[in-house]
Amino acid sequence: MLAGCTSESEESTATPLPEPESNPAPASGDPITVSRDYRDSSKYDYYPDTEEIRQRTGYRKHINESGTTKEPIYKREPASSWMTRVGGTVAGKAAMKAVRVRLGVDSLDDISPGIGYDDDGVQRVMIGYVVWPNRSGETRTPPVEFETLVAEVPRTVTANLQFEEKTFSETFHPLVEFRQVYRS
Numbered sequence: 001m002l003a004g005c006t007s008e009s010e011e012s013t014a015t016p017l018p019e020p021e022s023n024p025a026p027a028s029g030d031p032i033t034v035s036r037d038y039r040d041s042s043k044y045d046y047y048p049d050t051e052e053i054r055q056r057t058g059y060r061k062h063i064n065e066s067g068t069t070k071e072p073i074y075k076r077e078p079a080s081s082w083m084t085r086v087g088g089t090v091a092g093k094a095a096m097k098a099v100r101v102r103l104g105v106d107s108l109d110d111i112s113p114g115i116g117y118d119d120d121g122v123q124r125v126m127i128g129y130v131v132w133p134n135r136s137g138e139t140r141t142p143p144v145e146f147e148t149l150v151a152e153v154p155r156t157v158t159a160n161l162q163f164e165e166k167t168f169s170e171t172f173h174p175l176v177e178f179r180q181v182y183r184s
């Protein structure tokens with residue numbers, strides 16, 4: 001027996017908004033630098049001999065007659081890929097914080113940071129400008145214009161992530177992407 005929604009989905013009647021000419025658009029705001037200190041981190045360790053980062057991903061529980069113990073579970077990855085992944089996340093959050101400050105707002109509903117890929121397959125910090133047309137013909141949009149967001153997102157975000165032995169530094173070039181997500 002199958003269970004679930006049996007109603008037919010209705011097409012959205014909202015008129016799609018015109019997509020900006022440059023989409024995704026390179027950010028053009030003043031550059032920023034962000035630093036994070038991982039020297040006392042209990043989650044990350046740097047191994048200079050192998051150029052790897054070890055990350056604690058969780059715990060494994062052991063139960064025996066003397067009680068329960070937790071053993072950390074780790075994964076290792078090359079420092080360069082860790083820097084792109086974690087540094088990109090740090091850069092995206094810093095870019096969003098900078099935009100909130102520059103625009104003087106507490107919240108940027110329907111604007112979200114993330115990691116994506118450009119046409120050349122290069123991993124990039126992406127800032128999503130999301131509009132939500134619905135079937136009643138209304139469209140929810142972010143609180144700022146697309147062009148304003150492009151002008152305020154930093155054109156570069158340099159992330160410096162420091163361990164005892166080394167500081168990793170990478171400069172990210174954010175893109176602002178216009179997206180329409182249809183909801184019923």
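Per full-length UniProt numbering, numbering of the sequence shown is gapless, rising by one per residue and ending at 184.
Idealized CB from N, CA, C, for every residue including glycine.
For V150 and H62, the gap between their C-alpha atoms comes out near 51 Å. In terms of Cα proximity to R54, the closest of P78, N23 and E65 is P78. Taking the C-beta atoms as reference points, R76 is found no nearer than 8 Å to E51.
Shown here for K43: same chain residues with a beta carbon closer than 8 Å to its own, the five before and five after excluded, namely Q55 and R56 in chain order. Around D45, the same chain offers R54 as residues with beta carbons nearer than 6 Å, after the five sequence neighbours per side are excluded.
Membership of L149 in the alpha helix (DSSP H) is indicated by the continuous run F146 to E152.
Apart from the 5 residues on each side of it in sequence, T68 sits with its Cβ closer than 8 Å to the Cβ of K61 and H62 in its chain, given in chain order.
Q180 is a Cβ neighbour of P133, given a cutoff of 8 Å. Looking at the DSSP output, S169 bridges to N160.
Within the DSSP secondary-structure output, L175 pairs in a beta bridge with P26 and M126.
Exclusion of the five residues before and after A159 leaves V34, G87, V90, A91 and E170 as the residues of its chain whose Cβ lies within less than 6 Å of its Cβ. Counting other Cβ atoms within 10 Å of its Cβ, E164 stays below 16 and is therefore classed as exposed.
Taking 8 Å as the cut-off, the Cβ atoms of P143 and A95 do not count as close.
Secondary structure at K43: coil, using DSSP grouped into helix, strand and coil.
Residue state for G87 is assigned as helix, using DSSP reduced to three classes.
R135 is not bridged by DSSP to any residue. By the CB criterion at 8 Å, V153 and V105 fall outside the cutoff.
For G67, the secondary structure class from DSSP, reduced to helix, strand or coil, is strand. Taking C-alpha positions only, G137 is separated from E177 by approximately 23 Å. A check of alpha carbon separations from V131 across R124, T156, G29 and L108 identifies L108 as the nearest.
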